[in-house]
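Residue numbers (the working numbering): 1 to 176.
By construction, the Cβ of each residue, glycine as well, lies at the ideal position given by its N, Cα and C atoms.
Predicted, not measured: the structure shown is a model, and the values here were computed from it.
In what follows, a structure is listed as C-alpha cells, so that the remarks can point back to it.
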Ligand SMILES: [Zn+2]
C-alpha cells in the first residue's frame, strides 16, 4: 500500500465527530524512543486510524499498526527482521479521572488539545515490542545443530543422580 506520511497532529475529537480515517507511513527514525530499541533504521511502519463516536458519545480511535523493523537476535546478536502488529481501540479523555471511569476494554488516550498521533503510534509499538527476540533456528547465525550433535559428556549409566548429592547435603532428617 502506498500512502504518504502519517499526519503528526490532529484534533481527535473533531476527527471522531467527522468519522475521519487517517492513514500513513512512518520510518523508525520518526519515532526516536522506539528507534533506540531497534537494531537498525531499516523498516517501515504502516498506520491506519479510524475515528468515531460510540453510543455513549465517547470519542474513540481504532489504531491499526503494521510495522516491519529490525531488532537484535538475542542468541547470535545479529539483526533480524521483526513484524509488529497492533490493533487497539483508544478512548479520548481529558484527564486521569475520566480515564479511570472507562470500561476495561477501552484504553485511555489523554488529550487536552491537539493529539500528537506519532506519539500514539510510538507508545503502541513500544508496548508490543517483545523484550527478547530470536531468529528462527535455521536462520540464526549460531547453528543450534552443532550443539545437538556434540558428544554426551558421560555415558548415561554412569550419570550420578543429582538428588543423591542433595540428599547428602541435607542435614540429617531421619526416616523410619
Ligand atoms: Zn540469531
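Residue 142 versus residue 15: straight-line alpha-carbon distance, rounded: Here residue 142 is taken as the residue at index 142 of the chain shown, counted from 1. Here residue 15 is taken as the residue at index 15 of the chain shown, counted from 1. Answer to the nearest angstrom: the Cα atoms are 50 angstroms apart.
Nearest-residue set for ligand 1, Cβ under 5 angstroms from any heavy atom: 73, 75, 76, 135 and 140
N-terminal and C-terminal residue of the alpha helix (DSSP H) that residue 18 is part of: By one-based count along the chain shown, residue 18 stands at place 18. It is not in any alpha helix (DSSP H) - residue 18 carries neither H nor E in the DSSP assignment.
C-beta atoms of residue 88 and residue 124 nearer than 8 angstroms: Position 88 of the chain shown, counted from the first residue, corresponds to residue 88. Position 124 of the chain shown, counted from the first residue, corresponds to residue 124. In this structure, residue 124 lies closer than 8 angstroms to residue 88 by Cβ.
Secondary structure of residue 44, DSSP reduced to three states: Mapped onto the chain shown, residue 44 falls at position 44. Residue 44 falls in the strand class under three-state DSSP.
Same chain, Cβ closer than 7 angstroms to residue 95, neighbours up to 5 away in sequence not counted: Counting from 1 along the chain shown, the entry for residue 95 is found at position 95. Result list for residue 95: 110, in chain order.
8 angstroms CB neighbourhood of residue 116 in its chain, flanking five on each side removed: The residue labelled residue 116 in the question sits at position 116 within the chain shown. Only 8 and 9 meet the Cβ criterion.
Contacts around residue 3, its chain only, beta-carbon distance under 7 angstroms, and the 5 residues preceding and following it disregarded: Counting from one through the chain shown, the residue named residue 3 turns up at place 3. These residues qualify, in order along the chain: 23, 24 and 25.
Exposed unless 16 or more other CB atoms sit within 10 angstroms - verdict on residue 158: The count along the chain shown starts at 1 and reaches residue 158 at position 158. Its pLDDT being 47, under 50, residue 158 is placed unreliably by the model, and the measurement read from it follows with that caveat. Exposed, since its Cβ has fewer than 16 Cβ neighbours within 10 Å.
Euclidean distance between Cα positions of residue 39 and residue 29: Within the chain shown, the letter at position 39 stands for residue 39. Within the chain shown, the letter at position 29 stands for residue 29. Going by the C-alpha atoms only, they are around 12 angstroms apart.
Assigned secondary structure, residue 32 (DSSP; H/G/I helix, E/B strand, else coil): Counting from 1 along the chain shown, the entry for residue 32 is found at position 32. Note: residue 32 maps to helix in three-state DSSP.
Which listed residue (135, 118 and 62) has its alpha carbon closest to that of residue 27: The residue you call residue 27 lines up with position 27 of the chain shown. Looking at the Cα atoms, 118 is the closest of the given residues.
Contact set for residue 48: own chain, Cβ-Cβ below 6 angstroms, skip 5 residues either direction: Numbered from 1 along the chain shown, position 48 holds the residue referred to as residue 48. Only 23 and 64 meet the Cβ criterion.
Rounded separation between residue 82 and residue 138 - CA only: For the purposes of this step, residue 82 is identified with residue 82 of the chain shown, where counting begins at 1. For the purposes of this step, residue 138 is identified with residue 138 of the chain shown, where counting begins at 1. Approximately 16 angstroms between the Cα atoms of the pair.
Between the CA atoms of residue 44 and residue 12 - distance to the nearest angstrom: Sequence index remark: in the chain shown, residue 12 carries index 12 (1-based). Sequence index remark: in the chain shown, residue 44 carries index 44 (1-based). If you take the alpha carbons of residue 12 and residue 44, they lie about 24 angstroms apart.
Anticipated Cβ contact below 8 angstroms, residue 68 with residue 134, distance rounded: Here the question's residue 68 lines up with position 68 in the chain shown. Here the question's residue 134 lines up with position 134 in the chain shown. About 17 angstroms; that fails the 8 angstroms criterion.
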